[in-house]
Amino acid sequence: MWGFLSRPGVRKSRDDEDMAETERWLVVGLGNPGPKYAGNRHNAGFMVVDALAADKGERWKAHKAHAEVVETRIDGAAVVLAKPRTFMNLSGGPVAGLAKFYKVPMERIIVVHDEMDIDYGALKLKKGGGSGGHNGLKSTTASLGGPDYLRVRFGVGRPPGRMDPAAYVLRDFSSTESRDLDLNVERAADAVRTILTDGLGKAQNVFHTAA
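The sequence shown begins at 4 in the working numbering and counts up one residue at a time.
Encoded structure:
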């Protein structure tokens with residue numbers, strides 16, 4: 004249970020606990036579990052929440068909702084970082100399970116995911132919208148009962164030539180892309196931090212890459 008710091012011997016009130024629950028965020032990175040997929044473009048979401056957890060010096064713990072979680076605070080905000088342990092097309096079950104367990108409303112859920120319709124290294128932030136053919140988003144929207152959660156869209160670019168998009172996202176970033184990958188992941192992590200502290204509008208102004 005999240006709560007505010009209090010003086011020794013002073014018991015937190017139920018109102019304080021309720022407020023902490025109301026203010027909690029759920030930040031979910033989408034990807035596929037296991038070392039085989041760790042460096043794939045499709046795992047950009049995992050990379051971003053891994054960076055957020057590492058920044059806090061936190062270790063991932065197994066959760067009964069078929070996910071790994073870190074419960075922490077980021078710039079004062081109570082946050083649950085999460086990585087579903089299902090494959091991408093079944094991401095929604097863990098997301099919905101965690102939202103229910105931690106009592107997080109949809110407007111305080113941030114989903115970080117790869118996006119082929121955005122150039123590599125670019126970011127787009129938004130609330131709601133369609134899945135754009137992304138199976139992780141499709142599953143998440145179905146399980147949450149609606150699309151009105153926040154998205155941090157990490158650009159991975161379109162596949163070259165006639166390459167199958169499904170094969171493209173299941174390949175690792177190229178050697179050229181990898182040169183800037185850490186910086187791009189950290190920039191996406193900063194976008195998440197800004198949403199938590201200053202809201203979506205401010206984050207869009209700072210991080211949203213113009214078309």
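The beta carbon of each residue, even a glycine, is placed where N, CA and C say it ideally should be.
Quantities reported herein were computed from a predicted structural model and do not represent experimental measurements.
May I ask you to list the residues that DSSP assigns as paired with residue i?
| i | result |
| --- | --- |
| Asn43 | Asp175 |
| Glu180 | According to DSSP, Glu180 bridges with nothing at all. |
| Leu126 | Phe157 |
What is the DSSP secondary structure of residue i, reduced to helix, strand or coil?
| i | result |
| --- | --- |
| His137 | coil |
| Glu61 | coil |
| Arg17 | Note that Arg17 scores a pLDDT of 42, beneath 50, so its modelled location is shaky; the value from the coordinates is reported in the next line. Helix, per DSSP. |
| Gly48 | helix |
| Val30 | strand |
| Ala70 | strand |
| Trp5 | Below a pLDDT of 50, predicted positions are generally treated as unreliable, and Trp5, at 35, falls in that range; no measurement from the model is reported. |
| Arg216 | Outside the shown range of the chain, which is 4 to 214, sits residue 216, and nothing can be said about it. |
| Asp193 | helix |
| Pro108 | coil |
| Met166 | coil |
| Asn92 | helix |
| Pro38 | helix |
| Ile198 | helix |
Please confirm whether residue i and residue j have their CB atoms less than 8 Å apart.
| i | j | result |
| --- | --- | --- |
| Lys64 | Val72 | yes |
| Asn43 | Leu184 | no |
| Gly164 | Tyr123 | no |
| Asp117 | Gly48 | yes |
| Arg27 | Ala81 | yes |
| Val107 | Leu29 | yes |
| Ile112 | Val31 | yes |
Report all residues from its chain with a CB closer than 7 Å to the CB of residue i; omit the five preceding and five following residues, and keep chain order.
| i | result |
| --- | --- |
| Asp78 | Arg196, Leu199 and Thr200 |
| Ser134 | Leu140, Lys141 and Thr144 |
| Ala191 | Val51, Val115, Leu126, Val155 and Phe157 |
| Leu203 | Leu128, Lys130 and Leu153 |
| Ala70 | Ala85, Lys86, Pro87, Arg88, Pro97 and Leu101 |
| Gly149 | Met109 |
| Gln207 | Leu128 |
| Ile215 | Residue 215 falls outside the range modelled here, since the chain spans only 4 to 214, and no answer is possible. |
| Lys205 | Thr197 |
| Asn46 | Gly34, Asn35 and Tyr40 |
Would you mind reading off the limits of the alpha helix (DSSP H) that contains residue i?
| i | result |
| --- | --- |
| Gly204 | Leu203 to Phe210 |
| Val98 | Gly95 to Tyr105 |
In the DSSP assignment, the beta strand (DSSP E) including residue i goes from what residue to what residue?
| i | result |
| --- | --- |
| Ile112 | Ile112 to Glu118 |
| Pro87 | Ala80 to Pro87 |
| Arg156 | Leu153 to Gly158 |
Once the 5 residues before and after residue i are set aside, which same chain residues still bring their CB inside 6 Å of it?
| i | result |
| --- | --- |
| Phe210 | Leu126 and Ala194 |
| Phe90 | Asn35 |
| Gly95 | Ser142, Thr143, Ala145 and Ser146 |
| Glu74 | Val83 |
Keeping to the same chain, check which residues put their C-beta closer than 8 Å to that of residue i; ignore five residues upstream and five downstream.
| i | result |
| --- | --- |
| Asp151 | Met109, Glu110, Lys130 and Gly131 |
| Ala41 | Phe49 |
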